[in-house]
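**Student:**
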Amino acid sequence: MRAHVQKYPCEKLLAERDKEKQIQNLSQTMAELNIIHPFRDGNGRSTRELIRCMALEYGLPSTRATLTAKL
(Lines of atoms letter the chains of each structure in order from A and count residues from 1; the text may use other names and numbers.)
(Lines give C-alpha, C1' and ligand atoms only; values in the text may rest on other atoms or scores of the structure.)
Protein backbone atom coordinates (compact mmCIF):
# COMPACT_ATOMS: atom_id res chain seq x y z
CA MET A 1 0.00 0.00 0.00
CA ARG A 2 2.76 2.44 0.93
CA ALA A 3 4.45 1.93 -2.47
CA HIS A 4 1.21 2.80 -4.25
CA VAL A 5 0.60 5.90 -2.13
CA GLN A 6 4.18 7.15 -2.57
CA LYS A 7 3.71 7.08 -6.37
CA TYR A 8 1.40 10.08 -6.08
CA PRO A 9 3.13 13.42 -5.68
CA CYS A 10 0.03 15.11 -4.25
CA GLU A 11 1.34 18.65 -4.50
CA LYS A 12 2.20 18.14 -8.17
CA LEU A 13 -1.16 16.51 -8.94
CA LEU A 14 -3.11 19.31 -7.30
CA ALA A 15 -0.95 22.03 -8.90
CA GLU A 16 -2.01 20.92 -12.40
CA ARG A 17 -4.10 23.60 -14.13
CA ASP A 18 -4.80 21.99 -17.52
CA LYS A 19 -8.40 20.68 -17.31
CA GLU A 20 -7.74 17.66 -19.53
CA LYS A 21 -4.74 16.63 -17.44
CA GLN A 22 -6.74 17.19 -14.25
CA ILE A 23 -9.39 14.77 -15.47
CA GLN A 24 -6.68 12.28 -16.47
CA ASN A 25 -5.18 12.59 -12.97
CA LEU A 26 -8.56 11.96 -11.37
CA SER A 27 -9.20 8.94 -13.60
CA GLN A 28 -5.75 7.47 -12.98
CA THR A 29 -6.00 7.99 -9.23
CA MET A 30 -9.43 6.36 -9.08
CA ALA A 31 -8.25 3.40 -11.17
CA GLU A 32 -5.17 2.86 -8.99
CA LEU A 33 -7.19 3.03 -5.79
CA ASN A 34 -9.73 0.56 -7.18
CA ILE A 35 -6.88 -1.83 -8.02
CA ILE A 36 -5.52 -1.83 -4.47
CA HIS A 37 -8.97 -1.86 -2.80
CA PRO A 38 -8.93 -4.81 -0.39
CA PHE A 39 -12.49 -5.96 -1.05
CA ARG A 40 -13.67 -6.73 -4.57
CA ASP A 41 -17.28 -5.96 -3.67
CA GLY A 42 -16.48 -2.81 -1.68
CA ASN A 43 -18.62 0.21 -2.37
CA GLY A 44 -15.70 2.63 -2.82
CA ARG A 45 -17.04 5.50 -0.68
CA SER A 46 -13.56 6.58 0.41
CA THR A 47 -12.27 6.55 -3.16
CA ARG A 48 -15.22 8.59 -4.40
CA GLU A 49 -14.79 11.11 -1.59
CA LEU A 50 -11.08 11.53 -2.37
CA ILE A 51 -11.84 12.05 -6.06
CA ARG A 52 -14.60 14.52 -5.14
CA CYS A 53 -12.15 16.49 -2.97
CA MET A 54 -9.52 16.48 -5.72
CA ALA A 55 -12.13 17.69 -8.23
CA LEU A 56 -13.05 20.54 -5.89
CA GLU A 57 -9.38 21.49 -5.57
CA TYR A 58 -9.18 21.59 -9.36
CA GLY A 59 -12.31 23.73 -9.52
CA LEU A 60 -14.19 20.97 -11.34
CA PRO A 61 -17.81 20.03 -10.64
CA SER A 62 -18.02 17.88 -7.53
CA THR A 63 -20.71 15.39 -8.48
CA ARG A 64 -20.22 12.38 -10.69
CA ALA A 65 -23.26 13.19 -12.83
CA THR A 66 -22.11 16.77 -13.42
CA LEU A 67 -18.52 15.75 -14.13
CA THR A 68 -19.65 13.08 -16.60
CA ALA A 69 -21.94 15.56 -18.35
CA LYS A 70 -19.01 17.99 -18.76
CA LEU A 71 -16.93 15.34 -20.53
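This note's numbering numbers the first residue of the sequence shown as 18 and each following residue consecutively. Positions of the beta carbon are idealized from the N, C-alpha and C atoms, including for glycine. What you are looking at is a predicted structure, and each value in this text was computed from that prediction instead of being measured.
CB-CB under 6 angstroms to glutamate 74, same chain, minus the five flanking residues each way: which ones, in chain order?
**Tutor:** Your numbering for residue 74 matches position 57 in the sequence shown. Leu31.
**Student:** Measuring CB to CB, does leucine 43 end up less than 7 angstroms from methionine 71?
**Tutor:** For this step, residue 43 is matched to residue 26 along the sequence shown. For this step, residue 71 is matched to residue 54 along the sequence shown. Their beta carbons are under 7 angstroms apart, which means leucine 43 touches methionine 71 by this criterion.
**Student:** Taking all protein chains shown into account, decide if isoleucine 68 is buried (16 or more other Cβ within 10 angstroms of its Cβ) or exposed.
**Tutor:** One-based indexing of the sequence shown puts residue 68 at position 51. With a 10 Å radius around the Cβ and a threshold of 16 neighbouring Cβ atoms, isoleucine 68 comes out buried.
**Student:** If you reduce the DSSP assignment to three classes, tell me which class leucine 30 lands in.
**Tutor:** Position 13 of the sequence shown, counting from 1, holds the residue named residue 30. Reduced to three states, the DSSP call for leucine 30 is helix.
**Student:** Identify whether leucine 50 lies in helix, strand or coil by the three-state DSSP scheme.
**Tutor:** For the purposes of this step, residue 50 is taken as the residue at position 33 of the sequence shown. In this structure, leucine 50 counts as helix in the three-state DSSP scheme.
**Student:** From threonine 46 to phenylalanine 56, what does the alpha carbon distance come to, in whole angstroms?
**Tutor:** As a working note, residue 46 is residue 29 in the sequence shown. As a working note, residue 56 is residue 39 in the sequence shown. For threonine 46 and phenylalanine 56, the distance between alpha carbons rounds to 17 angstroms.
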